[in-house]
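Step one of this worksheet: look at the structure below.
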Amino acid sequence: MSTLLLLLATFAASAVEMVEALTIVLAVGVTRGWRATAWGGITALVALTAIVVVLGPAVSRLPLAALRVVVGGLLLIFGLQWLRKAILRASGYRALHDEDAIYEAEVAEVRAAATTTAFDWYAFTIAFKGVFLEGLEVAFIVITFGASQGRVGLAALGAAAALVVVASVGVVVHRPLSRVPENWLKFGVGVMLTSFGTFWSAEGAGVDWPGGEICLLAVVAYVAVLSAVLTRVLVARHTRGVGLEGRLAAG
Amino acid sequence: MSHVRGFARFCYDFVVGDDWTVAVAVVISIGLTALVAHRGVPAWWCMPVAVTATLVWSLARATRRR
Chain L
1 MSTLLLLLAT FAASAVEMVE ALTIVLAVGV TRGWRATAWG GITALVALTA IVVVLGPAVS
61 RLPLAALRVV VGGLLLIFGL QWLRKAILRA SGYRALHDED AIYEAEVAEV RAAATTTAFD
121 WYAFTIAFKG VFLEGLEVAF IVITFGASQG RVGLAALGAA AALVVVASVG VVVHRPLSRV
181 PENWLKFGVG VMLTSFGTFW SAEGAGVDWP GGEICLLAVV AYVAVLSAVL TRVLVARHTR
241 GVGLEGRLAA G
Chain Y
252 MSHVRGFARF CYDFVVGDDW TVAVAVVISI GLTALVAHRG VPAWWCMPVA VTATLVWSLA
312 RATRRR
């Protein structure tokens, strides 16, 4: 059961980061040409692969309890931040993450910089930066998720599946992936990261979960219900606030 | 130097994010859970309670500012 959860969590978390990287690459490629953009993306992928190859085995050799505390704690911080943002967006307290707007902003910025050299270093750098930074987050997800369960290969498989799916979608639609309901994806990923983080950090701290690994499902269900309830509470509060502001403005 | 500073900034934004109190609360929660667990008392409930409190606190802070 935890195998499937690990695969799903890595897939979803990696897919979110890859959507962001793809948006940048498409924006640069469409406006500046594909040669330098592709080289930027490929160079970033090579650098990332080197990082995973060097760090992956080193992380796997650390003591498991200490690793679970550190990795679980990091995942929990990361997951709570994602959940917080997703809940604030879903309840209207924060603007929804708009890939179309990001794409337009990237295109405008890229067009503003004139090409002066044969090889477009600007396109290379932007594509490299986008793929490297987002990819670093994917590498972090793969190493931490995988190392905590001693299954870096399985976590890498989840990320590879996400790469295939996102890249295929990118090739087919050839435009920003705004049709992916990103906030709901982030909501789901936030729930998974928070649940895994809660479970592992507690285990590393010496907790024996009732029922062992099966309890992870209960933690996932609890975090999902908690997040849904908090979203509903904030939606109601925000709607009341907007209504009150409207009435005050009207008279 | 600016690259080092930029990387440090990236790490801070990546790990800590918008609300630093979440990171502090998680570190304290893990420490308290370890203390309870090492006294031989069942401690499985500590982290879920801490996660609930942290999320509610962080959301309350974020919505209070508006």
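Residue numbers (my numbering), protein chains in the order written: chain L, 1 to 251; chain Y, 252 to 317. Note that CB positions come from ideal geometry on N, CA and C, so glycine has one too. As the structure is a computational prediction, the values presented were derived from the model and not from experiment.
Give a yes or no on whether the minimum CB-CB distance between Ile281 of chain Y and chain L is below 8 Å.
At a cut-off of 8 Å between beta carbons, Ile281 of chain Y contacts chain L.
For Gly257 of chain Y, is the classification buried or exposed, using 16 other Cβ atoms within 10 angstroms of its Cβ as the cut-off for buried?
Counting C-beta atoms within 10 angstroms of its own C-beta, Gly257 of chain Y has fewer than 16 neighbours from the protein chains shown and is therefore classed as exposed.
Less than 7 Å between C-beta atoms, sequence neighbours within five positions excluded: which residues of the same chain meet that for Val71 of chain L?
If we look at Val71 of chain L and ignore the five residues flanking it on each side, its Cβ neighbours are Thr144, Ala147, Ser148, Trp200.
Cβ contact (3+ pairs, closer than 8 Å) linking the region 39 to 51 of chain L and the region 184 to 198 of chain L:
At 8 Å Cβ cutoff, the stretches do not touch.
Buried versus exposed call for Cys262 of chain Y [16 or more other C-beta atoms within 10 Å across all chains shown]
By the 16-neighbour rule on beta-carbons within 10 angstroms, Cys262 of chain Y is exposed.
Please say whether Val189 of chain L and Trp121 of chain L have beta carbons closer to each other than 8 Å?
The answer is no: Cβ separation not under 8 Å.
Chain L contact residues for Val292 of chain Y, given Cβ-Cβ distances below 7 Å:
Residues of chain L whose Cβ lies closer than 7 Å to the Cβ of Val292 of chain Y do not exist, since the nearest Cβ in that chain is about 10 Å away.
In chain order, what residues of the same chain lie with their CB nearer than 7 Å to the CB of Ala39 of chain L, ignoring the 5 residues before and after it?
The sequence given here has Trp at residue 39 of chain L, not Ala. Phe124.
Compare the C-alpha of Ala310 of chain Y against each of L:Thr49, L:Ala139, L:Val233 and name the closest.
Correcting the residue type first, residue 310 of chain Y is Leu in the shown sequence and not Ala. Checked all of L:Thr49, L:Ala139, L:Val233; the closest Cα to Leu310 of chain Y is L:Val233.
Determine the contact status of Ala259 of chain Y and Ala276 of chain Y, defining contact as a CB-CB distance below 8 Å.
No, the Cβ-Cβ distance between Ala259 of chain Y and Ala276 of chain Y is not below 8 Å.
Using the three-state DSSP reduction, which class does Gly188 of chain L fall into: helix, strand or coil?
If DSSP states are grouped into helix, strand and coil, Gly188 of chain L belongs with the helices.
Under DSSP, the alpha helix (DSSP H) around Ser143 of chain L begins and ends at which residues?
Note that residue 143 of chain L is Ile in the sequence shown here, rather than Ser. First-last of the alpha helix (DSSP H) with Ile143 of chain L: 121 to 148.
Cβ-Cβ separation, Ala90 of chain L to Phe187 of chain L (assumed contact under 8 Å), whole Å:
Contact flag correct, Cβ pair sits at about 7 Å.
In the DSSP assignment, the alpha helix (DSSP H) including Ala205 of chain L goes from what residue to what residue?
DSSP places Ala205 of chain L in no alpha helix (DSSP H); its state is neither H nor E.
CB of Ala162 of chain L within 8 Å of CB of Ala288 of chain Y, strictly:
No, the Cβ-Cβ distance between Ala162 of chain L and Ala288 of chain Y is not below 8 Å.
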